[in-house]
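Asker:
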Amino acid sequence: MSIAFSDGFNIGTLSLYCNFETREDLFRLKINRVRVVKRADGYYAQFCFDTDRSEQGEYTGNVIGLDLGLKYLYKDQNDNAVVYPQYLRKSEKRLKKLQKRLGRKFNKDKKPQSNNYHRTRKRLSVLHLKIQRQRKDWAIKQARCVVHFSDVIVDEDLKVCNLVKNHHLAKSISDVSWYQFTTWLDYYGKIWNKAVVSVSPNYTSQDCSNCGHRVKKSLSTRTHSCSVCQTEICRDKNAAINILKKGMSILGMEWQNSEKRGLGVSPSKAIFQDSTFGQKESASTEEKHGEKTASAIEGKPNIVSGFL
Ligand SMILES: [Zn+2]
Numbered sequence: 000m001s002i003a004f005s006d007g008f009n010i011g012t013l014s015l016y017c018n019f020e021t022r023e024d025l026f027r028l029k030i031n032r033v034r035v036v037k038r039a040d041g042y043y044a045q046f047c048f049d050t051d052r053s054e055q056g057e058y059t060g061n062v063i064g065l066d067l068g069l070k071y072l073y074k075d076q077n078d079n080a081v082v083y084p085q086y087l088r089k090s091e092k093r094l095k096k097l098q099k100r101l102g103r104k105f106n107k108d109k110k111p112q113s114n115n116y117h118r119t120r121k122r123l124s125v126l127h128l129k130i131q132r133q134r135k136d137w138a139i140k141q142a143r144c145v146v147h148f149s150d151v152i153v154d155e156d157l158k159v160c161n162l163v164k165n166h167h168l169a170k171s172i173s174d175v176s177w178y179q180f181t182t183w184l185d186y187y188g189k190i191w192n193k194a195v196v197s198v199s200p201n202y203t204s205q206d207c208s209n210c211g212h213r214v215k216k217s218l219s220t221r222t223h224s225c226s227v228c229q230t231e232i233c234r235d236k237n238a239a240i241n242i243l244k245k246g247m248s249i250l251g252m253e254w255q256n257s258e259k260r261g262l263g264v265s266p267s268k269a270i271f272q273d274s275t276f277g278q279k280e281s282a283s284t285e286e287k288h289g290e291k292t293a294s295a296i297e298g299k300p301n302i303v304s305g306f307l
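Here the sequence shown stands for residues 0 to 307, numbered as in numbering that gives the first Met the number 0.
Right, here's the structure in full:
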């Protein structure tokens, strides 16, 4: 299979490699736009088409508040944390090693750099790409998992500009993962018709989740201890509860601590069960179509890409 470009993009004809399902889709669908992307390991073509992907979600009655962290991706209101996996850290180490090696090979007096330099440079960019993909893949899987097991998901509305203000956090592996994680939370929420709410992160770590008293603390203070109601819990758990409470109040519901009173979300359960009935008819017809496109998704939602 090959793809020929006849417009201003003077690249001519390229061979197109893709799996069987993508190939079928390419002939069947009305493609609106083709985008060619250059990556360190080759060229990729992204085909854009209109699709309506919605699947019938399973409703569990769980609500979750997420506090995004630096040591881990998130911690929820029940103290469950998802830690960055070992393989990401290992790759980071290899990245540092290669970067050092590249620095040694660089000769500022030499105009075309040596072949060794360019070989190392290529290896470095392929590694960068690999890490980028590992991180993204992992963040997407985490988002899928969270939305699968919860009906209401509340996270922080972290704007990149807010993060850049704090220069200690500005360049961290986390902000990339955060962005992808929250983007895909929204996406899976739409597909499975679940409520994903983003709340403002103001004071979520300062306020007491039990009585509302504002306890000022620095970034290094890891426990929240309230002088008014004597609550003493992990700083991130406190934040997660505050985030969850904020989100539930946006939805017009009240959250009660499940540790004390069992699952206190019966009103939300009723509401979300109602909304599934409306979706059922459309879900059954769209399901097959939606699943097929899902397998080929790379990059942004609704874009199917194959290898060129
Ligand atoms: Zn308190």
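Heads up, the beta-carbon is just placed ideally off N, CA and C, and yes, glycines get one too.
Within 10 Å of its beta-carbon, does A194 have 16 or more other beta-carbons around it, so buried, or fewer, so exposed?
Answerer: Translated into the one-based positions of the sequence shown, residue 194 becomes position 195. With 16 or more Cβ atoms within 10 Å of its Cβ, A194 is classed as buried.
Asker: Are V146 and G188 closer than 8 Å when you measure CB to CB?
Answerer: Along the sequence shown, read from residue 1 onward, the residue named residue 146 stands at position 147. Along the sequence shown, read from residue 1 onward, the residue named residue 188 stands at position 189. The answer is yes: Cβ separation under 8 Å.
Asker: Please state whether DSSP places D154 in a helix, a strand or coil.
Answerer: Walking along the sequence shown from the start, residue 154 turns up at place 155. Looking at D154 - three-state DSSP - the assignment turns out to be strand.
Asker: Taking 7 Å as the cut-off, is the beta-carbon of V227 closer than that to any non-hydrogen atom of ligand 1?
Answerer: Within the sequence shown, the letter at position 228 stands for residue 227. Yes, Cβ of V227 sits closer than 7 Å to a heavy atom of ligand 1.
Asker: Mind checking E253: buried by the 16 CB within 10 Å criterion, or exposed?
Answerer: Position 254 of the sequence shown holds residue 253. The residue is exposed, with fewer than 16 neighbouring Cβ atoms inside 10 Å.
Asker: So for R22, helix, strand or coil by DSSP?
Answerer: Counting from 1 along the sequence shown, the entry for residue 22 is found at position 23. The answer is helix: DSSP assigns R22 an H, G or I state.
Asker: If you compare alpha carbons, which of I130, Y58, V82, D78 is closest to L69?
Answerer: Along the sequence shown, one-based indexing puts residue 69 at 70. Taking only the C-alpha atoms, the option nearest L69 is V82.
Asker: In chain order, what residues of the same chain lie with their CB nearer than 6 Å to the CB of L28, ignoring the 5 residues before and after it?
Answerer: Reading the sequence shown from its first residue, position 29 is the one you call residue 28. F48, listed in sequence order.
Asker: Specify the secondary structure class of Y73 as computed by DSSP and reduced to three states.
Answerer: For the purposes of this step, residue 73 is identified with residue 74 of the sequence shown, where counting begins at 1. DSSP places Y73 in strand when its eight states are reduced to three.
Asker: Using the DSSP secondary-structure output, state which residues sit across from S197 in a beta bridge.
Answerer: Locating residue 197 in the sequence shown gives position 198, where the first residue counts as 1. S197 pairs with D154.
Asker: Excluding five sequence neighbours on each side, which residues of the same chain lie with their C-beta closer than 7 Å to the C-beta of W324?
Answerer: Shown here, the chain extends from 0 to 307; a query on residue 324 therefore has no answer.
Asker: Just the C-alpha distance for F46 and K236, rounded to the nearest angstrom, thanks.
Answerer: Within the sequence shown, residue 46 is the residue found at index 47, counting from 1. Within the sequence shown, residue 236 is the residue found at index 237, counting from 1. So the alpha carbons of these two residues sit roughly 42 Å apart.
Asker: Under the DSSP definition of a beta bridge, which residues are partnered with S223?
Answerer: For the purposes of this step, residue 223 is identified with residue 224 of the sequence shown, where counting begins at 1. Note that residue 223 is His in the sequence shown here, rather than Ser. The partner list for H223 (beta bridge, DSSP) reads I232.
Asker: Can you tell me which residues form a DSSP beta bridge with S368?
Answerer: Residue numbering for the chain in the displayed model covers 0 to 307; residue 368 lies beyond these limits and cannot be assessed.
Asker: Roughly how many angstroms lie between the CA atoms of Q98 and R122, to the nearest whole one?
Answerer: In the sequence shown, residue 98 corresponds to position 99, counting from 1. In the sequence shown, residue 122 corresponds to position 123, counting from 1. Going from the Cα of Q98 to the Cα of R122 covers about 10 Å.
Asker: Thinking C-alpha only, which one of S197, T182, K244, F180 is nearest D206?
Answerer: Walking along the sequence shown from the start, residue 206 turns up at place 207. The shortest C-alpha separation from D206 is found at K244.
Asker: Use the C-beta contact count for E23: other C-beta atoms within 10 angstroms, 16 or more gives buried, fewer gives exposed.
Answerer: Numbered from 1 along the sequence shown, position 24 holds the residue referred to as residue 23. Its Cβ having fewer than 16 others within 10 Å, E23 is exposed.
Asker: For V214, which of helix, strand or coil comes out of DSSP?
Answerer: For the purposes of this step, residue 214 is identified with residue 215 of the sequence shown, where counting begins at 1. It is coil, neither helix nor strand.
Asker: Taking the straight line between their C-alpha atoms, what separation do you get for F105 and P111?
Answerer: Indexing the sequence shown from 1 puts residue 105 at position 106. Indexing the sequence shown from 1 puts residue 111 at position 112. Cα to Cα, F105 sits roughly 10 Å from P111.
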